[in-house]
Structure formats: C-alpha cells, structure tokens
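All remarks here apply to the structure that follows.
Number of protein chains: 2
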Amino acid sequence: MKDVAARAGVGLKTVSRVVNGEAGVSPDTERRVQESITALGFRRNDSARILRKGRTASIGLVLEDLADPFYAPLSRAVEEVARAHGALLINGSSAEDPGREQELVLALCARRVDGLVIVPASDDHRYLEPEIAAGVATVFVDRPPGMIEADQVLVDSFAGAREGVAHLIAHGHRRIGFIGDLPRIHTAHERIRGYEAAMSEAGLPVHPSWVAPGSTDPARVRADAERMLGGPEPVTAFFAGNNRVTVTLVRVLAELERPVALVGFDDFELADMLSPPVTVVAQDPAQLGRTAADLLFRRLDGAHDPPCLKTHPTTLIARGSGELPPA
Amino acid sequence: MKDVAARAGVGLKTVSRVVNGEAGVSPDTERRVQESITALGFRRNDSARILRKGRTASIGLVLEDLADPFYAPLSRAVEEVARAHGALLINGSSAEDPGREQELVLALCARRVDGLVIVPASDDHRYLEPEIAAGVATVFVDRPPGMIEADQVLVDSFAGAREGVAHLIAHGHRRIGFIGDLPRIHTAHERIRGYEAAMSEAGLPVHPSWVAPGSTDPARVRADAERMLGGPEPVTAFFAGNNRVTVTLVRVLAELERPVALVGFDDFELADMLSPPVTVVAQDPAQLGRTAADLLFRRLDGAHDPPCLKTHPTTLIARGSGELPPA
DNA sequence: GTGAAAGCGCTAACAC
DNA sequence: GTGTTAGCGCTTTCAC
Numbered sequence: 001m002k003d004v005a006a007r008a009g010v011g012l013k014t015v016s017r018v019v020n021g022e023a024g025v026s027p028d029t030e031r032r033v034q035e036s037i038t039a040l041g042f043r044r045n046d047s048a049r050i051l052r053k054g055r056t057a058s059i060g061l062v063l064e065d066l067a068d069p070f071y072a073p074l075s076r077a078v079e080e081v082a083r084a085h086g087a088l089l090i091n092g093s094s095a096e097d098p099g100r101e102q103e104l105v106l107a108l109c110a111r112r113v114d115g116l117v118i119v120p121a122s123d124d125h126r127y128l129e130p131e132i133a134a135g136v137a138t139v140f141v142d143r144p145p146g147m148i149e150a151d152q153v154l155v156d157s158f159a160g161a162r163e164g165v166a167h168l169i170a171h172g173h174r175r176i177g178f179i180g181d182l183p184r185i186h187t188a189h190e191r192i193r194g195y196e197a198a199m200s201e202a203g204l205p206v207h208p209s210w211v212a213p214g215s216t217d218p219a220r221v222r223a224d225a226e227r228m229l230g231g232p233e234p235v236t237a238f239f240a241g242n243n244r245v246t247v248t249l250v251r252v253l254a255e256l257e258r259p260v261a262l263v264g265f266d267d268f269e270l271a272d273m274l275s276p277p278v279t280v281v282a283q284d285p286a287q288l289g290r291t292a293a294d295l296l297f298r299r300l301d302g303a304h305d306p307p308c309l310k311t312h313p314t315t316l317i318a319r320g321s322g323e324l325p326p327a
Numbered sequence: 001m002k003d004v005a006a007r008a009g010v011g012l013k014t015v016s017r018v019v020n021g022e023a024g025v026s027p028d029t030e031r032r033v034q035e036s037i038t039a040l041g042f043r044r045n046d047s048a049r050i051l052r053k054g055r056t057a058s059i060g061l062v063l064e065d066l067a068d069p070f071y072a073p074l075s076r077a078v079e080e081v082a083r084a085h086g087a088l089l090i091n092g093s094s095a096e097d098p099g100r101e102q103e104l105v106l107a108l109c110a111r112r113v114d115g116l117v118i119v120p121a122s123d124d125h126r127y128l129e130p131e132i133a134a135g136v137a138t139v140f141v142d143r144p145p146g147m148i149e150a151d152q153v154l155v156d157s158f159a160g161a162r163e164g165v166a167h168l169i170a171h172g173h174r175r176i177g178f179i180g181d182l183p184r185i186h187t188a189h190e191r192i193r194g195y196e197a198a199m200s201e202a203g204l205p206v207h208p209s210w211v212a213p214g215s216t217d218p219a220r221v222r223a224d225a226e227r228m229l230g231g232p233e234p235v236t237a238f239f240a241g242n243n244r245v246t247v248t249l250v251r252v253l254a255e256l257e258r259p260v261a262l263v264g265f266d267d268f269e270l271a272d273m274l275s276p277p278v279t280v281v282a283q284d285p286a287q288l289g290r291t292a293a294d295l296l297f298r299r300l301d302g303a304h305d306p307p308c309l310k311t312h313p314t315t316l317i318a319r320g321s322g323e324l325p326p327a
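Residue numbers (UniProt numbering), protein chains in the order written: chain A, 1 to 327; chain B, 1 to 327.
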C-alpha cells in the first residue's frame with residue numbers, strides 16, 4: 001500500500017480510501033491510484049485490516065464430518081447465510097472427537113472469527129467461556145452445549161423417534177430393534193428415549209438385546225442386526241438411529257428371505273427408489289443450518305436477549321419399508 | 001498480552017515465549033505467566049501473529065458445491081491433509097459461477113491463505129497471476145485452469161466416458177443417449193468427446209438429438225430423456241455425465257415399462273441397491289482431494305519444479321443397469 | 001533468562 | 001480533497 005502510494009504520488013490514506021471505495025477522492029487521483037494498484041498487483045492485506053478493525057467478517061463452523069450427507073447441506077446453508085452477510089466460512093470436522101473439537105474451536109477463536117456455529121462432539125464447553133465473554137457469538141446446532149448456556153438449534157429427536165417407532169407398532173410389530181449412535185451423543189440418547197417411550201406407551205416390553213447403541217461402523221451395525229434377527233424371538237422390525245445406520249440396515253435386510261420392516265431417522269437420497277422404499281423420520285439439515293446462521297448473525301448485529309432454544313420438528317415419510325407387516 | 005505481562009510482572013517477550021512454547025524461560029516465571037493467562041482468559045490473536053510472520057497456516061478451497069456428494073469427500077480429504085500440516089481450511093462454493101469463484105478466491109488471497117485448491121468454474125484465471133507471483137501456491141482439481149499455468153489434478157474423463165459407452169455398445173446398444181453437464185465445463189466436454197469417440201470407433205452414427213448437454217436441473221434432464229425415449233427411433237441406453245444426472249435418470253427409467261440401459265459417470269451411495277443396480281464409471285473424489293492437497297503442501301514446503309499434471313484413472317463398475325440388452 | 005524497541009500493513013482521528 | 005500520526009497485538013532483533 002505504501003508502494004502504491006509512492007508510485008501514485010499520493011498519501012497512504014488516499015490509497016486506503018480508493019481501496020475501500022470511500023468518498024472524497026477526486027476522479028483524477030482515483031484513476032492514478034487504480035493504475036498503480038493494478039501495475040503493482042496490489043491486494044489489501046486483510047490480516048492487517050482485521051487487526052485494526054477488530055472484526056474479521058468470518059465465521060467458524062465445526063461439525064462431525066463435512067462429507068456426511070446429513071451435515072453437508074447444513075454446512076452449505078451456513079455458508080449461504082454467511083455469504084449474504086459478506087462473511088467467509090472457515091470450517092473443520094471434529095470427527096466426533098471432543099479434543100479435536102476443542103482444538104478446532106480454539107484455533108478459530110485465535111483467528112478471531114466473529115462467530116461460531118458448533119455441532120458439538122464434546123459435552124463440556126466451559127473452555128469457551130472466555131471466548132464468549134470476549135464477544136464471540138456462538139450457536140450450537142443439532143446437539144446442546146455442555147456446562148454452559150448458549151443459543152441452540154435442535155431437532156425434536158425424542159418425538160421423531162417415538163413417532164417412527166409408534167408407526168411400526170401401529171403396523172403390528174411387537175419386537176422392534178433399535179440400532180443407533182453412541183449414547184453419549186445427545187441426539188442418539190434422545191432417540192433411544194423416544195423408542196422406549198413408544199414401546200412403553202404401547203404396553204410393550206423392551207428386551208435389552210433389542211437396543212444396540214454404538215458406533216455407526218457398518219460392521220458393528222451389521223453384527224448387532226444379525227444378532228437381533230437370530231434366536232428364538234427375532235425382531236420383526238428395526239428403527240435406525242441415523243442415516244449411516246439406515247444405509248447399512250438396508251443392505252443387511254436385502255440379504256434376508258423374509259421381509260423385515262425398517263424406519264430410519266434422517267431422510268437420504270434415493271430412499272424412495274429402493275425396494276422396498278424406505279420409510280423415514282425426516283429432518284431438514286439445510287433448514288437447521290439456516291436457522292443457526294440467521295441466529296448467529298442476529299447476535300452479531302447486536303441482539304442481546306438471553307440464550308434461546310429453537311426446536312425443529314421431524315416429518316414421518318411413509319414409503320413402504322415401515323409399513324411391512326411382521327413376518 | 002500486554003495485560004498478561006503486566007499482571008505477571010514480566011516483559012512482553014517473556015509472555016510471547018511462554019505462549020509459543022519457546023525455550024529460555026525459568027519454570028517459575030513460566031508458571032506465573034500461565035497463571036495470568038488463564039486468569040485473564042487470554043488467547044493469542046492470530047491476526048497480529050500472521051501480520052508479523054507472513055504465513056497464515058490456512059489454505060483455501062473453492063469448489064462448486066460443498067454439499068454435492070462428489071465434492072463433499074474431496075473437501076473432507078483436503079481438510080484432513082491440511083490438518084496433518086497444522087493448517088486450517090477456509091472454503092467456499094462457487095455455485096458454478098465464474099464471478100463468484102473470483103470473488104471467493106480473491107477474498108481468500110486477501111486473507112493471505114498460504115495456498116489454494118480450486119475446482120474452477122471460470123475459464124480465465126489470469127486474475128490469479130499477481131497472487132501466484134506473490135507466492136500463493138495454487139492447485140487446480142477436477143478441471144484445468146484457464147489461461148495460466150498451474151498444477152492440476154484431473155480425472156481421465158475422456159477415457160472413462162469412452163469406456164462406459166463402449167460397455168453399452170458391447171451389450172448390443174446402437175442408439176445411446178448422452179445427458180451431461182454444461183459443455184463449458186471441462187469434464188463435461190471431455191465426457192461428450194469420450195462418448196463420441198466410443199460411438200465412432202464402433203462405426204455408429206450419433207444423431208444430434210442423442211446428445212443433450214445442459215444444466216443438471218432434474219426437470220431439464222427429465223425433459224431431454226423423455227424426448228430421446230420418444231419418437232420412432234428411441235434410444236435404448238443412456239450414458240449420464242455425472243452423479244446428479246444419473247440420479248434423475250434412475251427415476252425417469254424406473255417409470256418406464258421397458259428396460260433401458262444406463263451407465264453413469266461417478267459412483268454414488270446405494271447405487272448397488274437399486275433395481276437394477278446401477279453400472280458406473282467411478283472416480284475417487286477423496287483421492288483426488290488428497291493428491292491435490294499433498295501437492296499443495298509440497299509446494300508450500302518449497303518444491304519449485306514446473307507445474308505438473310496428475311491424471312487419475314476411472315474404474316468401470318458393472319452392476320446390472322449397463323448390461324441390460326436393448327429392448 | 002529477560003526485556004525494550006521497532007515494525008508487520010492497515011485504518012481512525014484529526015489535521016490541513 | 002488530501003496527508004500525518006498513532007496504534008491494533010504480535011514477533012524479531014538485539015541488548016542486558
């Protein structure tokens with residue numbers, strides 16, 4: 001910038017004015033400055049600008065896995081909102097590792113992002129207290145924060161799972177298996193609760209072997225499913241705790257002779273083209289991201305109301321697999 | 001940092017040493033400094049650090065759509081490599097808009113990212129010349145740069161499409177429709193060329209109405225497909241130019257009485273569970289991202305060889321839809 | 001082992 | 001309309 005000013009024979013501030021499109025520069029001077037800028041290939045250094053201004057016009061997003069078909073649209077939606085507000089998105093995947101989440105979040109804070117959207121892997125976010133006190137707006141999505149108060153945008157996992165399981169019960173099932181994610185994950189925990197609630201409301205017992213929370217690793221899901229399908233009293237239906245589990249169960253069930261019903265949490269592409277088409281409890285990840293990002297920017301624009309909780313409903317989409325009768 | 005120094009009763013530089021884990025601080029002083037740091041909730045401001053050091057330990061990724069099932073794993077792979085090198089990833093979606101690509105790339109440059117991975121939407125990257133001259137390492141993925149020389153990591157779209165179409169021909173098809181992306185996109189163009197090559201090598205004519213390049217909007221794809229399926233000489237097979245087109249064609253073909261063969265470019269989840277299972281020309285987006293990011297960091301570590309081109313092969317995966325005979 | 005001073009590139013505040 | 005000065009928070013240099 002110094003060089004540009006020297007070359008154009010003007011002061012530093014004049015160049016700054018031109019670069020930032022501020023008023024108060026004569027057309028002639030402006031032209032001379034522009035000419036020097038292109039000649040020198042000058043581009044403003046935003047690090048210096050940020051250092052001076054305090055705001056970075058960037059927000060951070062930390063979630064489990066950018067490539068997961070559930071989170072990818074969420075991420076994209078956050079990006080769109082950020083873009084509409086002239087902000088860049090910096091994101092990272094926590095891989096469901098609390099340590100990695102913290103590392104990422106703190107790295108983003110060191111970059112002085114204006115705000116954070118977090119799908120937490122950790123259940124203790126006290127490490128964020130100094131940041132929030134320092135003015136970093138923070139919104140939690142999909143899962144609540146741990147040990148601190150903050151805005152949160154959630155999906156009603158409990159009600160969704162209860163509705164999905166009740167749907168299977170309504171179609172005659174009595175022995176229903178639940179395979180879901182690790183129960184330390186809030187949504188997984190809520191979905192187990194929803195399963196149990198539906199069973200108990202229908203007066204049905206829940207055999208401990210019918211509930212298999214754990215990793216979404218296909219081998220684990222397959223093993224648990226096969227276990228539940230064997231024995232003298234096999235399950236006649238499954239409720240899958242998320243899209244990864246559903247996809248694996250689709251494969252397992254396709255290998256069976258007898259039909260086994262399936263309802264999955266999360267919708268997924270081509271679910272309607274499988275045979276049978278897969279009944280799901282759908283949520284809208286893009287909407288989730290949009291709500292969270294909107295909330296974040298409202299905070300950045302100075303909204304100072306106490307932390308709020310927004311809960312999105314789920315939608316049961318009956319397609320066939322959830323309406324199969326017990327074998 | 002000033003405050004921390006004051007509170008601990010030490011100099012600025014000593015705090016800096018502690019924060020950066022540099023040697024030369026007595027254990028006692030270090031403890032005092034650490035205590036002040038936590039008490040004040042201090043976190044180093046990376047903007048200032050970057051301003052001083054010149055390197056940002058962050059790289060930028062610009063691609064078409066973060067949420068596309070093809071690009072999401074690519075993005076994730078780049079992130080993993082960046083993480084292994086201690087760098088953060090800042091990314092943005094160009095939405096296939098050259099203006100937006102440039103805007104994003106320049107915003108990233110203004111942030112002084114150390115390097116860029118770009119899936120270009122534009123066909124003229126001369127706007128990057130000053131940046132590259134200034135030392136920003138740049139790698140293009142999936143599509144080549146326009147009007148400049150730079151590293152590129154591509155997939156052999158031409159050979160892949162040729163193989164896919166030849167596969168359909170080998171199964172008896174003579175009238176094969178091609179529905180792909182906008183031909184200004186390099187990969188789309190190459191795939192059309194591959195289609196034409198396979199047809200001509202088999203001595204088959206290509207009726208102009210059998211080739212439909214355009215947007216991947218489902219309505220457009222459907223309309224073109226239905227047009228090709230009507231008339232006196234309907235096509236008996238389709239080659240789909242990318243995963244979005246394939247998914248739409250799966251839906252269109254499922255509504256038909258007669259079987260129509262299909263081979264799609266790009267693999268996709270559950271392709272093997274559809275009926276018929278979908279034959280694809282697969283590429284490995286994660287591998288593409290990994291190669292590009294590795295190359296980028298090799299450049300950042302000082303590799304100064306001339307721009308290189310790495311081409312990845314495709315793999316034909318026969319599953320059923322591509323082996324259907326002509327009706 | 002520790003600290004004081006200079007300066008990274010920019011913008012805010014206030015001259016002129 | 002335009003320029004000058006100070007300083008954002010850190011690291012580098014060099015002196016103690």
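Glycine included, C-beta positions come from ideal geometry on N, C-alpha and C.
In this text the structure is predicted, and so the values were computed from the model without any measurement.
Item, Value
"Residue 12 of chain B at chain A interface by Cβ criterion, 8 angstroms", "no"
"Residues of its chain near residue 33 of chain A, where Cβ-Cβ distance is below 7 angstroms and the 5 sequence neighbours each way are ignored", "4, 8, 10, 14, 15, 18"
"Every unbroken beta strand (DSSP E) within the stretch 95-159 of chain A, with a cutoff of 3 residues, ordered by chain", "115-118, 137-141, 151-155"
"8 angstroms Cβ cutoff met for residue 306 of chain B and residue 150 of chain B", "no"
"Residues near residue 69 of chain A by beta carbon distance below 8 angstroms, same chain, minus five either side", "243, 268, 269"
"Residue-chain proximity (residue 65 of chain B, chain A), Cβ-Cβ < 8 angstroms", "yes"
"CB contact below 8 angstroms: residue 79 of chain B versus chain A", "yes"
"Cβ contact check for the stretch 250-260 of chain A and the stretch 191-198 of chain A: 3 or more pairs under 8 angstroms", "no"
"As assigned by DSSP and simplified to three states, the class of residue 243 of chain B", "helix"
"Under 9 angstroms from the C-beta of residue 41 of chain A: neighbouring residues of chain B", "129, 130, 131, 133, 134"
"Per-residue contacts from residue 109 of chain A into chain B (C-beta, under 8 angstroms)", "43"
"Residues near residue 100 of chain B by beta carbon distance below 6 angstroms, same chain, minus five either side", "94"
"Within 7 angstroms of chain A by C-beta, residues of the stretch 196-228 of chain B in sequence order", "none"
"Span separating the alpha-carbon of residue 134 of chain B from that of residue 251 of chain A", "52 angstroms"
"Beta-carbon neighbours of residue 276 of chain B, restricted to chain A and to distances below 7 angstroms", "Result: empty, since nearest Cβ-Cβ is about 11 angstroms, beyond 7 angstroms."
"Nearest residue (CA-CA) to residue 147 of chain A, options A/167, A/128, A/89", "A/128"
"Burial state of residue 167 of chain B (16 or more Cβ within 10 Å)", "buried"
"Residue 97 of chain A: contacting residues in chain B (beta-carbon distance under 8 angstroms)", "Those do not exist, as residue 97 of chain A stays about 12 angstroms from chain B at its closest Cβ, beyond 8 angstroms."
"Neighbour flag for residue 93 of chain B against chain A, beta carbons, 8 angstroms", "yes"
"Whole-angstrom C-beta distance between residue 221 of chain B and residue 228 of chain B, which should lie under 8 angstroms", "Between residue 221 of chain B and residue 228 of chain B the Cβ distance is about 11 angstroms, and since that is not below 8 angstroms, they are no contact."
"Segment limits, beta strand (DSSP E) that includes residue 261 of chain A", "261-265"
"Contacts that residue 145 of chain A makes with chain B (C-beta to C-beta distance below 7 angstroms)", "Near residue 145 of chain A there are no residues of chain B at all, since even the closest Cβ is about 18 angstroms away, more than 7 angstroms."
"Every unbroken beta strand (DSSP E) inside the stretch 173-247 of chain A [3 residues or more]", "176-180, 211-213, 237-240"
"Residue interval of the alpha helix (DSSP H) (run including residue 14 of chain B)", "12-19"
"Pick from A/112, A/174, A/122 that is closest to residue 132 of chain A, judged by C-alpha positions", "A/112"
"Paired residues, beta bridge with residue 252 of chain B - DSSP", "DSSP lists no partner for residue 252 of chain B."
"For residue 57 of chain A and residue 86 of chain A, the rounded distance between their alpha carbons", "7 angstroms"
"Where the stretch 243-256 of chain B meets chain A: residues whose CB sits under 9 angstroms from a CB there", "247, 250, 251, 254"
"Nearest neighbour of residue 114 of chain B, chosen from B/88, B/103, B/31 [CA to CA]", "B/88"
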